[in-house]
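A.B. asks: In the order they appear, the protein sequences are chains A and B. Residues in the first sequence are numbered consecutively from 1, following my numbering. Residues in the second sequence are numbered consecutively from 1001, following my numbering.
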Amino acid sequence: MIRLLVPLVLLVVAGCSAPPVADDAGGSGPLELRLSVDEASPQRFEVVKGRGVKISVTSKKAVDVHVHGFDKLARAEDGKPAVVEFTADRTGTFDVEAHPDTLLAQLVVR
Amino acid sequence: MTVVRLAHGVGTRHDLPLPLDLVLQGAAVALLASFLALGLLWTESRFTGMVRESGDVRERGRWVGRAVVAVGLVFVPAAAWPHLVFVLVWVGVPVLSMVFGPVWRVLNPLRLVTVVGREREYPGWLGYWPAAGGLLVFTWVELVEPHALPWFLVGYAVVNLVGGGWYGRAWFENADGFEVFSSLVGRLSPVRGNPFRGLVGVPVRPGLVAVVAVLLGSTAFDSIAATPTWARVAPVPDWVGLVVTCVLVAGVYLLACRRFGAELAHSLVPIVAGYVVAHYYSLLVVEGQRAVALLFGVDDFTPSDVLAAPLVVSTVQIGAVLAGHLVAVVAAHDRALALLPRQRHLTGQVPLLVLMVCYTSGGLALLFAG
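1) Taking a Cβ distance cut-off of 7 Å, strictly less, list which residues of the stretch 89-103 of chain A are near chain B, in chain order.
2) What residues in the stretch 62-78 of chain A bring their beta carbon closer than 8 Å to a beta carbon of chain B?
3) For the stretch 1281-1315 of chain B, which residues have a CB atom closer than 7 Å to at least one CB atom of chain A, in sequence order?
4) Since B/THR1048 and B/VAL1200 are thought to touch, with beta carbons under 8 Å apart, how far apart are those beta carbons, to the nearest angstrom?
5) Anything in the stretch 31-46 of chain A with a Cβ closer than 9 Å to a Cβ of chain B? List those residues in chain order, please.
6) Taking 9 Å as the cut-off, decide whether the C-beta atoms of B/LEU1020 and B/ILE1318 are in contact.
7) For the stretch 1011-1029 of chain B, enumerate the residues whose C-beta is nearer than 7 Å to any C-beta of chain A, in chain order.
8) Is DSSP giving A/GLY79 helix, strand or coil here?
9) Give me the Cβ distance between B/LEU1016 and A/VAL108, rounded to the nearest whole Å; I'm assuming they're in contact under 8 Å.
10) Which residues bound the alpha helix (DSSP H) around B/HIS1333?
11) Out of curiosity, what's the CA-to-CA distance linking B/LEU1110 and B/TYR1167?
12) Taking CB distances under 9 Å as the criterion, tell me whether B/VAL1003 reaches chain A.
13) Report all residues from its chain with a CB closer than 7 Å to the CB of B/ASP1056; omit the five preceding and five following residues, and keep chain order.
14) So with CB distances below 7 Å, who are the chain B contacts of A/VAL108?
15) Hey, B/ALA1234 and B/TYR1253: beta-carbon distance below 9 Å or not?
16) Pull up the distance between the alpha-carbon of B/GLU1173 and that of B/VAL1106, whole angstroms please.
17) Do you know offhand how far B/LEU1088's Cα is from B/SER1097's?
18) With 9 Å set as the bound, which would you pick, yes or no: does the beta-carbon of A/ALA82 sit closer than that to a beta-carbon of chain B?
19) Taking the alpha carbon of B/ALA1323 as the point to measure from, which residue in B/LEU1188, B/ARG1118, B/SER1282 has its own alpha carbon closest?
20) Short of 7 Å Cβ to Cβ, which residues in the stretch 1224-1239 of chain B face chain A?
21) Between the Cα of A/ASP64 and those of A/VAL84, A/PHE45, A/GLU32, spot the shortest distance and give me the residue it belongs to.
22) Using a C-beta cutoff of 9 Å, does B/GLY1370 count as contacting chain A?
23) Between the Cα of B/VAL1203 and those of B/ALA1250, B/LEU1284, B/ALA1033, B/SER1267, spot the shortest distance and give me the residue it belongs to.
24) Give the C-beta separation of A/PRO30 and A/VAL67 to the nearest angstrom, bearing in mind that I take them to be a contact with Cβ-Cβ under 8 Å.
25) Name the residue from B/ALA1078, B/ARG1169, B/MET1050, B/GLU1142 whose alpha carbon lies nearest to the alpha carbon of B/TYR1122.
26) Could you check if B/GLU1142 is buried or exposed, using at least 16 other CB atoms within 10 Å of its CB as the buried criterion?
27) Kindly indicate the opening and closing residues of the alpha helix (DSSP H) around B/SER1282.
28) My output table needs one value for B/ARG1259: the three-state DSSP class, helix, strand or coil.
29) At a cut of 8 Å, does the stretch 1329-1344 of chain B reach the stretch 1278-1296 of chain B through at least three beta carbon pairs?
30) Indicate the three-state DSSP secondary structure (helix, strand or coil) for A/VAL57 in the structure shown.
31) Using 8 Å as the threshold, is the stretch 1236-1254 of chain B in touch with the stretch 1294-1306 of chain B, meaning 3 or more CB pairs across them?
32) Using the three-state DSSP reduction, which class does B/VAL1110 fall into: helix, strand or coil?
33) When the Cα of B/CYS1246 is compared with those of B/ALA1132, B/SER1045, B/ALA1027, which residue comes out closest?
34) B/PRO1165 and B/GLY1101: beta carbons closer than 9 Å?
35) Name the residue from B/ALA1309, B/LEU1311, B/LEU1216, B/GLY1288 whose alpha carbon lies nearest to the alpha carbon of B/ILE1271.
36) Taking Cβ positions, are B/PHE1181 and B/VAL1211 nearer each other than 9 Å?
Below, the structure is given as structure tokens:
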């Protein structure tokens, strides 16, 4: 039993260990993120509450980009990236998404 | 219409990940407390099941409240339904049940059908299976396909009106997922007596393990599916992930408990309750406000985040998970003493104890996971 459970726990812990999170140490201007819908590889980005965030998203197809929780919407088209700028004034974890359901990044605002 | 992927069916904000040191400390406390409990707690089973609900007396007059709810539903604005179901019924009712006992059986307007229906004998082999199935379908709606909610509600109403009209109250006690959920966590209600006696009194019927596994597995899967890692590497569609998580939770549990699986399943209820509170606390206190506003037809209400401040949320999360774990360990210990032969009193408990530590540290890890 225990022999079975130990690897399982290890698996869970390994599976849950967070991927490298981009850090927010020391920056003064807005946090700038460049994301791509075509090669979406969602990660978490940490932001200190109150800091500005500027997200630009490129896409070959025309899509709506949505920052949840801040309710920012912008449209990306081929050759014309969507640009969203706002101040991260709420704490929490927020999805940046290309509709309908491609997760692009998560903003962790502390 | 733009399709928006929502957290928990409603809402656009997830909690902050728990700090890693809190997760590790919480897991260490759970581990230590569990094995200390094994050595220090009593050696003879103490808790006898509490017999509750000498039904008929209490049942009389309740139709008034249900009728009020039923009439009220007619006036619910269309925009308020998702919040009503995903926040107030799915999270609010269980949390109220943990405090006051089984609330859903008092409120459920569909139970009105028992006034006019028949009371045939409910088949014992069916047990809680319909409830487990209903809960699995509901969590699929909540986590994967929130836009199927109207269809789910229609199906839920039809199935329960037919089942309730045919089998009477026994149908709702066994087969209505919301009522089974509410009654299970209602066993923990301190205002209705000793929660440990309440837990031992959970009727052991077929499908009990499945119900608990769906409740635990779906909440766990919600955390998994919200991580960028899942979005990046998900090998399977979400609905497969949901089912596999539930099956894994049940499988590992049955592996640990073997033939006592059903008799010990009640001891997982506090873990379910703790994890539900941890997982949904911020949704309840933030989107709960919006739910009430929507019920009164206010569409542009901005809920206050005060009760969901990061420190409050992480304290509630750690507190709820650990409290649930401790109650679960004590409940399992007491029941194991009654089930196991004397010479296996100590060793026989170890597998379930290890499993509970895994569930708890896994639950904490999921609140941290990216």
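Think of the CB as a built atom: it goes at the ideal place given N, C-alpha and C, for glycine as much as any other residue.
C.D. replies: With the given structure in hand:
1) Taking 7 Å as the Cβ-Cβ cut-off, the stretch 89-103 of chain A approaches chain B at ARG90, THR91, GLY92, THR93, PHE94, GLU97, HIS99, PRO100, ASP101, LEU103, given in chain order.
2) Under the 8 Å Cβ criterion, the stretch 62-78 of chain A contributes ASP64, HIS66, HIS68, GLY69, ASP71.
3) Listed in sequence order: ASP1305, PRO1310.
4) The residue you call residue 1048 of chain B lines up with position 48 of the second sequence. The residue you call residue 1200 of chain B lines up with position 200 of the second sequence. Sure, about 7 Å apart at Cβ, within 8 Å.
5) Of all residues in the stretch 31-46 of chain A, ALA40, SER41, PRO42, GLN43, ARG44 have a Cβ within less than 9 Å of some Cβ in chain B.
6) In the second sequence, counting from the first residue as 1, residue 1020 of chain B sits at position 20. In the second sequence, counting from the first residue as 1, residue 1318 of chain B sits at position 318. The beta carbons of B/LEU1020 and B/ILE1318 sit no closer together than 9 Å.
7) Taken in chain order, the members of the stretch 1011-1029 of chain B whose beta-carbon sits within less than 7 Å of a beta-carbon on chain A are THR1012, ARG1013, HIS1014, ASP1015, LEU1016, PRO1017.
8) In the first sequence, the residue the question calls residue 79 of chain A occupies position 79. Of the three classes helix, strand and coil, the one that applies to A/GLY79 here is coil, per DSSP.
9) As a first step, residue 1016 of chain B must be located in the second sequence, where it is residue number 16. As a first step, residue 108 of chain A must be located in the first sequence, where it is residue number 108. About 6 Å separates the CB atoms of B/LEU1016 and A/VAL108; that is less than 8 Å, so the two are in contact.
10) Numbered from 1 along the second sequence, position 333 holds the residue referred to as residue 1333 of chain B. Under the DSSP assignment, B/HIS1333 falls in the alpha helix (DSSP H) whose first and last residues are 1310-1339.
11) Here residue 1110 of chain B is taken as the residue at index 110 of the second sequence, counted from 1. Here residue 1167 of chain B is taken as the residue at index 167 of the second sequence, counted from 1. Answer to the nearest angstrom: the Cα atoms are 13 Å apart.
12) Counting from 1 along the second sequence, the entry for residue 1003 of chain B is found at position 3. Residue placement at B/VAL1003 is poorly supported in this model, since its pLDDT is 41, which falls under 50; the coordinates still yield a value, given next. Chain A, which has a Cβ nearer than 9 Å to the Cβ of B/VAL1003, makes this yes.
13) Numbered from 1 along the second sequence, position 56 holds the residue referred to as residue 1056 of chain B. With a pLDDT of 49 at B/ASP1056, under the threshold of 50, the modelled position of this residue cannot be trusted; read the value that follows with caution. Shown here for B/ASP1056: not one same chain residue has a beta carbon closer than 7 Å to its own, the five before and five after excluded.
14) Along the first sequence, read from residue 1 onward, the residue named residue 108 of chain A stands at position 108. Correct list: LEU1016, PRO1017.
15) Residue mapping note: residue 1234 of chain B aligns to position 234 of the second sequence, counting from 1. Residue mapping note: residue 1253 of chain B aligns to position 253 of the second sequence, counting from 1. No, they are not a contact pair.
16) On the second sequence, residue 1173 of chain B is found 173 positions in, with the first residue counted as 1. On the second sequence, residue 1106 of chain B is found 106 positions in, with the first residue counted as 1. About 12 Å.
17) Position 88 of the second sequence, counting from 1, holds the residue named residue 1088 of chain B. Position 97 of the second sequence, counting from 1, holds the residue named residue 1097 of chain B. Rounded to whole angstroms, B/LEU1088 to B/SER1097 spans 12 Å at the Cα level.
18) The residue you call residue 82 of chain A lines up with position 82 of the first sequence. With 9 Å as the cut-off, A/ALA82 does not count as an interface residue toward chain B.
19) The sequence position of residue 1323 of chain B within the second sequence is 323, counting from 1. Of the candidates B/LEU1188, B/ARG1118, B/SER1282, the one whose C-alpha sits nearest the C-alpha of B/ALA1323 is B/LEU1188.
20) If the cut-off is 7 Å between Cβ atoms, the stretch 1224-1239 of chain B has PRO1228, THR1229, ALA1231, ARG1232 near chain A.
21) Taking the first sequence and counting its residues from 1, the one referred to as residue 64 of chain A is at position 64. Taking only the C-alpha atoms, the option nearest A/ASP64 is A/VAL84.
22) Here residue 1370 of chain B is taken as the residue at index 370 of the second sequence, counted from 1. With 9 Å as the cut-off, B/GLY1370 counts as an interface residue toward chain A.
23) Counting from one through the second sequence, the residue named residue 1203 of chain B turns up at place 203. With the sequence shown as reference, residue 1203 of chain B is identified as Pro, and Val is not the correct amino acid for it. Checking every option, the nearest Cα to that of B/PRO1203 belongs to B/SER1267.
24) Start at 1 with the first residue of the first sequence, and residue 30 of chain A comes out as number 30. Start at 1 with the first residue of the first sequence, and residue 67 of chain A comes out as number 67. Taking a contact as a CB-CB distance under 8 Å, the pair A/PRO30 and A/VAL67 does not count as one, their CB atoms being some 13 Å apart.
25) Against the second sequence, residue 1122 of chain B aligns to sequence position 122. Closest option to B/TYR1122, Cα to Cα, is B/ARG1169.
26) On the second sequence, position 142 is the one that residue 1142 of chain B refers to. Looking at its Cβ environment, which holds 16 or more other Cβ atoms inside 10 Å, B/GLU1142 is buried.
27) Position 282 of the second sequence, counting from 1, holds the residue named residue 1282 of chain B. Element bounds for B/SER1282: 1269-1282.
28) By one-based count along the second sequence, residue 1259 of chain B stands at place 259. DSSP, reduced to helix, strand and coil, places B/ARG1259 within a helical segment of the structure shown.
29) Counting C-beta pairs with one atom in each stretch, the stretch 1329-1344 of chain B and the stretch 1278-1296 of chain B have fewer than three that are closer than 8 Å, which means they do not touch.
30) For the purposes of this step, residue 57 of chain A is taken as residue 57 along the first sequence, with counting starting at 1. Strand.
31) Taking 8 Å as the limit for Cβ pairs, the verdict is that the stretch 1294-1306 of chain B does not touch the stretch 1236-1254 of chain B.
32) For the purposes of this step, residue 1110 of chain B is identified with residue 110 of the second sequence, where counting begins at 1. It is Leu, not Val, that sits at residue 1110 of chain B in the sequence shown. Under the three-state reduction of DSSP, B/LEU1110 is assigned to helix.
33) The count along the second sequence starts at 1 and reaches residue 1246 of chain B at position 246. Closest by C-alpha distance to B/CYS1246, out of B/ALA1132, B/SER1045, B/ALA1027, is B/ALA1132.
34) Residue 1165 of chain B sits at position 165 when you count from the first residue of the second sequence. Residue 1101 of chain B sits at position 101 when you count from the first residue of the second sequence. Looking at the sequence shown, residue 1165 of chain B is not Pro but Gly. A distance of 9 Å or more separates the beta carbons of B/GLY1165 and B/GLY1101.
35) Numbered from its first residue, the second sequence carries residue 1271 of chain B at position 271. With respect to the C-alpha of B/ILE1271, the residue from B/ALA1309, B/LEU1311, B/LEU1216, B/GLY1288 having the closest C-alpha is B/LEU1216.
36) Walking along the second sequence from the start, residue 1181 of chain B turns up at place 181. Walking along the second sequence from the start, residue 1211 of chain B turns up at place 211. It is a contact, given that the beta carbons lie within the stated cut-off.
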